Amino acid sequence: MQMRWVIGLMALAWGNLAAQSIVTPLGSGEETRLRAPVVSDADTVYQKHETLINVQFSQVQLSQWAAGGQSSASLIAKLDQFWEYDGTTFGWDTELHAAFGLLHRPDENIILKTDDRIELASKLGYRLKDKGALTALGSFRTQMAPGFAAVNGVPDPSQVTSRFMAPGYLVVALGLDLKPTPTTTVFLAPFTSKSTYVLDDSLSAAGMFGVAPGEQARHEVGGYIRLGLKEQVTENVTYAVRLDLFSNYLEEPEAVDIFSDHVLTLKVNDWLSTTLGLTLIYDKDVELLLREPDPDIPEDEGEMGPGVQLKQILAVGLSLKFS
Numbered sequence: 003m004q005m006r007w008v009i010g011l012m013a014l015a016w017g018n019l020a021a022q023s024i025v026t027p028l029g030s031g032e033e034t035r036l037r038a039p040v041v042s043d044a045d046t047v048y049q050k051h052e053t054l055i056n057v058q059f060s061q062v063q064l065s066q067w068a069a070g071g072q073s074s075a076s077l078i079a080k081l082d083q084f085w086e087y088d089g090t091t092f093g094w095d096t097e098l099h100a101a102f103g104l105l106h107r108p109d110e111n112i113i114l115k116t117d118d119r120i121e122l123a124s125k126l127g128y129r130l131k132d133k134g135a136l137t138a139l140g141s142f143r144t145q146m147a148p149g150f151a152a153v154n155g156v157p158d159p160s161q162v163t164s165r166f167m168a169p170g171y172l173v174v175a176l177g178l179d180l181k182p183t184p185t186t187t188v189f190l191a192p193f194t195s196k197s198t199y200v201l202d203d204s205l206s207a208a209g210m211f212g213v214a215p216g217e218q219a220r221h222e223v224g225g226y227i228r229l230g231l232k233e234q235v236t237e238n239v240t241y242a243v244r245l246d247l248f249s250n251y252l253e254e255p256e257a258v259d260i261f262s263d264h265v266l267t268l269k270v271n272d273w274l275s276t277t278l279g280l281t282l283i284y285d286k287d288v289e290l291l292l293r294e295p296d297p298d299i300p301e302d303e304g305e306m307g308p309g310v311q312l313k314q315i316l317a318v319g320l321s322l323k324f325s
């Protein structure tokens with residue numbers, strides 16, 4: 003009888019030992035690790051964020067200068083931010099550009115605006131089998147501070163020529179985004195909406211920037227092309243180009259709106275650089291003063307019409323980069 007009890011207890015103990023060896027409780031860390039999905043190389047993504055800050059300052063101080071001239075001081079500040087998300091199925095790129103510059107002439111107590119820009123662009127693309135992507139793009143551009151007409155070289159505050167959202171430009175486009183080389187991008191959009199906003203009562207009443215007199219917005223439908231290039235010329239020299247072309251399908255499609263931006267950067271060291279910038283704009287809906295009125299001709303108001311707008315900046319200053 004006792005032998006049977008011993009055999010039974012031994013069998014029960016062996017069964018418990020076998021069960022413990024087969025099923026072992028997992029800790030919270032091991033359980034989380036085992037339940038985590040397996041990530042293959044095909045699921046990996048590339049993310050990048052970059053911030054560039056440039057501050058340029060110049061000064062001219064004259065005292066009893068026989069050759070003549072004017073004292074002046076100028077300051078230009080620029081901010082460029084880039085966000086890039088590169089996945090196997092989707093890609094998302096966003097850019098923010100802001101610039102503001104002032105020129106002070108102390109002898110005349112005059113402050114002039116030399117640069118003013120806010121621009122935000124973002125595009126979301128679905129990758130195709132080749133190097134291209136079906137992409138939706140949104141782009142917005144305006145300025146921060148009011149601009150005034152100059153009378154004898156002096157800005158007249160009573161003659162406002164522009165201000166925030168007057169004008170403001172919004173482009174929404176759907177097309178194909180290509181990257182033929184690592185430094186080149188081409189965006190082709192046959193379906194594009196371009197909106198021009200003039201949210202200033204006096205400017206909209208005058209029909210400035212292509213809006214109908216009294217209206218605050220103008221909407222166009224057409225085709226859009228954006229070309230981009232960023233080339234490392236040498237170790238310390240970078241050249242960046244952007245070209246935007248828009249053609250209105252319904253009104254004068256042959257008159258193409260152009261926005262072109264060129265920036266040549268010569269980096270001296272980690273915090274000092276020289277920048278040469280050139281911006282060209284042509285918009286058939288923006289009238290410029292092409293010829294000043296002739297004071298010898300009665301009732302001559304000069305000549306107004308579309309023309310090429312140019313802005314060139316050469317500056318040396320502080321340059322900081324964060325990523």
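The opening position of the sequence shown corresponds to residue 3 in my numbering, with each subsequent residue numbered one higher.
Note that beta-carbon positions come from the ideal geometry of N, C-alpha and C, so glycine has one too.
The structure displayed is predicted, hence computed values, not measured ones.
Which of the three DSSP states, helix, strand or coil, is assigned to residue i?
i    : result
G206 : The amino acid occupying residue 206 in the given sequence is Ser; Gly does not appear at that position. In this structure, S206 counts as helix in the three-state DSSP scheme.
G155 : coil
M12  : With a pLDDT of 42 at M12, under the threshold of 50, the modelled position of this residue cannot be trusted; read the value that follows with caution. In the structure shown, M12 sits in a helix (DSSP, three-state: H, G or I).
G212 : helix
P255 : coil
V270 : coil
A79  : strand
S2   : The shown model of the chain, from 3 to 325, leaves out residue 2, and the question about it has no answer.
F261 : strand
S65  : coil
M306 : strand
I need the boundaries of the beta strand (DSSP E) containing residue i, first residue and last residue.
i    : result
T198 : T186 to Y199
F324 : V310 to F324
F59  : Y48 to V62
D302 : Neither: D302 is in no beta strand (DSSP E) and is coded neither H nor E.
F248 : V239 to N250
D179 : G170 to T183
V288 : Element bounds for V288: n/a, residue is neither H nor E.
G230 : A219 to T236
Just confirm the distance between the C-beta atoms of residue i and residue j, as a whole number of angstroms; I'd bet it's less than 8 Å.
i    : j    : result
R220 : D246 : At roughly 17 Å, the Cβ-Cβ gap does not stay under 8 Å, so R220 and D246 are not in contact.
I78  : D117 : 6 Å
V288 : G212 : 7 Å
G86  : A123 : Contrary to the premise, residue 86 reads as Glu rather than Gly in this sequence. That belief does not hold up - the Cβ atoms of E86 and A123 are roughly 13 Å apart, past 8 Å.
A168 : L114 : In fact, because the Cβ distance is near 19 Å, the residues do not count as touching under 8 Å.
E121 : F102 : The Cβ separation is near 13 Å, so there is no contact.
In whole angstroms, give me the CA-to-CA distance for residue i and residue j.
i    : j    : result
L252 : A175 : 17 Å
V243 : M210 : 29 Å
L190 : L136 : 10 Å
S325 : K50  : 7 Å
P295 : E301 : 9 Å
D132 : T144 : 35 Å
P255 : Y226 : 11 Å
L291 : G140 : 31 Å
V57  : I315 : 13 Å
F150 : P157 : 6 Å
D88  : T185 : 15 Å
V162 : A69  : 35 Å
G71  : A152 : 19 Å
L282 : L64  : 33 Å
E305 : R293 : 5 Å
F84  : S249 : 28 Å
K323 : P215 : 45 Å
P182 : G93  : 16 Å
T194 : Y171 : 13 Å
L280 : S262 : 8 Å
R107 : F59  : 14 Å
S160 : L278 : 33 Å
V234 : L266 : Before going further, note that residue 234 is Gln rather than Val in the sequence given. Each residue's alpha carbon lies about 10 Å from the other.
H264 : L180 : 21 Å
G134 : L178 : 7 Å
S321 : S275 : 6 Å
P273 : A100 : Before going on, a small fix: residue 273 reads as Trp here, not Pro. So the alpha carbons of these two residues sit roughly 19 Å apart.
V223 : P297 : 42 Å
V310 : K286 : 9 Å
So is residue i in contact with chain D if we call contact Cβ pairs under 7 Å?
i    : result
L282 : Protein chain content of the structure displayed is limited to a single chain, and chain D is not contained in it.
Start-end ranges of the beta strand (DSSP E) lying completely within the stretch 88-149, minimum 3 residues: Those beta strand (DSSP E) runs which fall completely within the stretch 88-149 and span 3+ residues are 92-107, 112-129 and 135-144.
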